[in-house]
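Peer 1: The structure's right below; bear with me while I get my questions together.
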Amino acid sequence: MFIRRLTRSLANSKSRSATPATRSAPDPSALSQNGLRQCLRVAGGGTLGFIISQLMGWNYGVFFTVFPMFLLGLVPVLNGSIIRQFLSNVSLNVLEVSLVVGLLKHMPVVMTLVVLGLFLLRFNVMAKGPLFLFGANGVLTLSILLHFASYPGVDLSDLLASNLMASVLAVFIAMLMYTLFPDVEPRQPPPTGTKTAAQIRHETLIGGITATLSFVVFQVFDLRDSLSAQMATILILFTLGYFGAQASAAKRAVGTLLGCNLALVMQLALYTQSHHFLLVILLYWLGLMLFAREHILEGGGSGIGFGGLTTMGILFGQSLGPQQDLVYSALYRFSSMSVALIGTLSVMICLHYLLNRWEPTRLPERS
Numbered sequence: 000m001f002i003r004r005l006t007r008s009l010a011n012s013k014s015r016s017a018t019p020a021t022r023s024a025p026d027p028s029a030l031s032q033n034g035l036r037q038c039l040r041v042a043g044g045g046t047l048g049f050i051i052s053q054l055m056g057w058n059y060g061v062f063f064t065v066f067p068m069f070l071l072g073l074v075p076v077l078n079g080s081i082i083r084q085f086l087s088n089v090s091l092n093v094l095e096v097s098l099v100v101g102l103l104k105h106m107p108v109v110m111t112l113v114v115l116g117l118f119l120l121r122f123n124v125m126a127k128g129p130l131f132l133f134g135a136n137g138v139l140t141l142s143i144l145l146h147f148a149s150y151p152g153v154d155l156s157d158l159l160a161s162n163l164m165a166s167v168l169a170v171f172i173a174m175l176m177y178t179l180f181p182d183v184e185p186r187q188p189p190p191t192g193t194k195t196a197a198q199i200r201h202e203t204l205i206g207g208i209t210a211t212l213s214f215v216v217f218q219v220f221d222l223r224d225s226l227s228a229q230m231a232t233i234l235i236l237f238t239l240g241y242f243g244a245q246a247s248a249a250k251r252a253v254g255t256l257l258g259c260n261l262a263l264v265m266q267l268a269l270y271t272q273s274h275h276f277l278l279v280i281l282l283y284w285l286g287l288m289l290f291a292r293e294h295i296l297e298g299g300g301s302g303i304g305f306g307g308l309t310t311m312g313i314l315f316g317q318s319l320g321p322q323q324d325l326v327y328s329a330l331y332r333f334s335s336m337s338v339a340l341i342g343t344l345s346v347m348i349c350l351h352y353l354l355n356r357w358e359p360t361r362l363p364e365r366s
């Protein structure tokens with residue numbers, strides 16, 4: 000009898016000790032409380048930017064849809080430093096584009112060299128780390144603004160005003176989203192690493208040269224309708240190296256393909272009802288929630304989820320309307336983006352091996 004009771008008590012204690020461990024096992028497909036809040040912030044911010052730009056009838060709606068995603072998706076916190084980096088970059092971009100386009104538009108070679116210098120400065124800031132957001136936002140926005148501002152039919156004042164308005168609005172939207180969906184527990188700061196001077200030079204040169212070549216190609220071939228492709232060539236450079244860009248490009252392609260397909264499904268669901276704005280908003284928010292969840296589960300960065308988010312933002316910001324064909328826009332966007340990514344990676348691998356042959360720009364051996 001005593002042995003039976005002892006055996007039963009041991010079995011019960013084992014079951015009790017095993018239950019918490021089983022319950023506490025992390026589910027890789029489940030969002031944390033902070034992750035869920037960030038997911039709601041990204042989807043809500045992107046949707047609110049889309050609503051405001053559509054109701055106000057502002058030009059360059061893509062700025063108003065993508066900027067909130069950028070600020071809420073790539074940065075998991077919002078503080079004074081983040082806001083200052085974001086807004087100071089906007090002010091500097093307006094000044095740079097006004098001077099470069101206004102003074103050097105008739106001298107393409109000189110303009111290209113100045114653009115190279117601006118990109119090198121931004122990538123040097125990114126490579127050093129503390130002001131990464133300032134550099135990254137500067138590279139992306141500067142690339143888009145310089146590309147569009149160089150065309151003769153573009154109203155430069157309208158372009159710069161739309162960019163400035165969208166950036167300020169993105170900050171207010173981000174503040175509102177953090178008020179409505181605050182984190183439930185403090186975020187842990189990202190791990191910091193040390194880089195050699197040669198590694199910083201390598202990352203600066205490979206990013207600056209590739210971004211400049213992307214600008215030149217889009218100018219020479221007059222690809223003003225390939226905004227998604229241009230953004231893709233810049234976003235994969237945020238990894239600051241060829242091997243990271245290679246993985247990012249594959250994820251970016253998958254995300255863009257999924258975003259285009261989801262947008263096509265949404266247009267089929269809407270059919271001739273795209274004038275029902277509430278229905279459009281609902282479908283758009285659901286799509287952003289789906290990709291925001293994937294983005295959070297990936298751990299942030301420019302991956303499948305963020306690729307789908309920006310694709311949705313570009314398609315809905317530019318190509319959604321009763322008389323606009325989202326099917327053609329989606330197919331063209333994916334094909335142009337694929338070609339652009341392949342070309343960008345080809346340039347990066349050549350630069351990677353060339354820079355590694357020179358001691359001052361050689362990367363440390365990978366352990």
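So in numbering that gives the first Met the number 0, spot 4 of the sequence shown is number 3, and the numbers just go up one at a time. Heads up, the beta-carbon is just placed ideally off N, CA and C, and yes, glycines get one too.
Pull up the distance between the alpha-carbon of Gln187 and that of Thr111, whole angstroms please.
Peer 2: Looking at the two C-alpha atoms, the distance is approximately 41 Å.
Peer 1: For the 8 Å Cβ check, are there 3 or more pairs between the segment 244–256 and the segment 227–234?
Peer 2: Touching, yes.
Peer 1: Just the C-alpha distance for Ile172 and Val89, rounded to the nearest angstrom, thanks.
Peer 2: Roughly 16 Å separates the two Cα atoms.
Peer 1: Can you check the segment 234–275 for any alpha helix (DSSP H) of at least 4 residues that lies completely inside it and give the ranges in chain order?
Peer 2: The qualifying runs are 241–269.
Peer 1: Considering only the alpha carbon of each residue, which of Pro75, Leu120, Leu226 and Phe63 lies closest to Leu91?
Peer 2: Among Pro75, Leu120, Leu226 and Phe63, the Cα nearest to that of Leu91 is on Leu120.
Peer 1: Taking only the alpha-carbon atoms, compute the straight-line gap between Ile208 and Val346 and give it to the nearest angstrom.
Peer 2: Roughly 9 Å separates the two Cα atoms.
Peer 1: Whose C-alpha, out of Thr211, Val74, Leu261 and Ile50, is nearest the C-alpha of Val109?
Peer 2: Looking at the Cα atoms, Thr211 is the closest of the given residues.
Peer 1: Roughly how far, in whole angstroms, is the beta-carbon of Leu278 from the beta-carbon of Met311, given that I think they are within contact range, below 8 Å?
Peer 2: Their Cβ separation, rounded to whole angstroms, is 16 Å, which puts Leu278 and Met311 out of contact at 8 Å.
Peer 1: In angstroms, rounded to a whole number, what distance separates the CA positions of Gly307 and His105?
Peer 2: Roughly 37 Å between the two C-alpha positions.
Peer 1: Once the 5 residues before and after Leu117 are set aside, which same chain residues still bring their CB inside 7 Å of it?
Peer 2: So the list reads Glu95 and Leu141, once near-sequence residues are dropped.
Peer 1: Would you give the residue range spanned by the alpha helix (DSSP H) that Asn58 belongs to?
Peer 2: Neither: Asn58 is in no alpha helix (DSSP H) and is coded neither H nor E.
Peer 1: What number of angstroms, rounded off, separates the C-alpha of Ile303 from the C-alpha of Val99?
Peer 2: Their backbone Cα atoms lie some 34 Å apart in a straight line.
Peer 1: So the alpha helix (DSSP H) Tyr177 belongs to, where does it begin and stop?
Peer 2: Leu155 to Leu179 is the extent of the alpha helix (DSSP H) around Tyr177.
Peer 1: Between Phe217 and His146, what straight-line distance do the alpha-carbon atoms span, to the nearest angstrom?
Peer 2: Taking the straight line joining both Cα atoms gives about 7 Å.
Peer 1: Under 7 Å Cβ to Cβ from Leu163, same chain only, skipping five residues before and after it: list those, please.
Peer 2: Cβ within range, chain order: Val89 and Val93.
Peer 1: Is it buried or exposed, Leu47, if we count other Cβ atoms within 10 angstroms and call 16 or more buried?
Peer 2: With 16 or more Cβ atoms within 10 Å of its Cβ, Leu47 is classed as buried.
Peer 1: Tell me whether Val184 sits in a helix, a strand or coil according to DSSP, three-state version.
Peer 2: The question names Val, yet the displayed sequence has Glu at residue 184. Three-state DSSP puts Glu184 in coil, outside helix and strand.
Peer 1: Within the continuous alpha helix (DSSP H) that includes Ala148, where are the two ends?
Peer 2: Looking at the DSSP string, the run of the alpha helix (DSSP H) that includes Ala148 is Phe131 to Ala148.
Peer 1: Is the segment 291–298 in contact with the segment 35–44, if contact means three or more CB pairs nearer than 8 Å?
Peer 2: Counting Cβ pairs under 8 Å, three or more are found: they touch.
Peer 1: Please report how far the alpha carbon of Trp357 lies from the alpha carbon of Met125, in whole angstroms.
Peer 2: Cα to Cα, the separation comes out at about 22 Å.
Peer 1: How far does the alpha helix (DSSP H) with Gly299 in it extend, from its first residue to its last?
Peer 2: No alpha helix (DSSP H) holds Gly299; DSSP gives it neither H nor E.
Peer 1: Can you give the Cα-Cα distance for Ala42 and Val153, rounded to whole angstroms?
Peer 2: Straight-line Cα distance between these residues: approximately 31 Å.
Peer 1: So what's Ser401 in DSSP terms, helix, strand or just coil?
Peer 2: Only positions 0 to 366 of the chain appear in the structure, and residue 401 is not among them; the question remains open.
Peer 1: Enumerate in chain order the residues of its own chain whose CB-to-CB distance from Ala148 is below 7 Å, with the five nearest sequence positions on each side excluded.
Peer 2: Taken in chain order, the residues that qualify are Val96, Val100, Leu155 and Leu158.
Peer 1: Would you mind giving the Cβ-Cβ distance between Leu71 and Met174, rounded to the nearest angstrom? I have them listed as a contact below 8 Å.
Peer 2: That belief does not hold up - the Cβ atoms of Leu71 and Met174 are roughly 10 Å apart, past 8 Å.
Peer 1: Among Leu226, Gln266, Leu204 and Leu256, which has the Cα closest to the Cα of Leu236?
Peer 2: If we check each option's Cα against that of Leu236, Leu204 comes out closest.
Peer 1: Ile2 to Met288, Cα distance in whole Å?
Peer 2: With a pLDDT of only 38 at Ile2, under 50, the local geometry of the prediction cannot be trusted, and the value read off the model is given with reservation. So the two alpha carbons sit approximately 57 Å from each other.
Peer 1: May I have the straight-line CA-CA distance separating Ala135 from Ala169, to the nearest angstrom?
Peer 2: Cα to Cα, Ala135 sits roughly 16 Å from Ala169.
Peer 1: Count the other C-beta atoms from every protein chain shown that fall within 10 angstroms of the C-beta of Thr238, then say buried if there are 16 or more, exposed otherwise.
Peer 2: It counts as buried.
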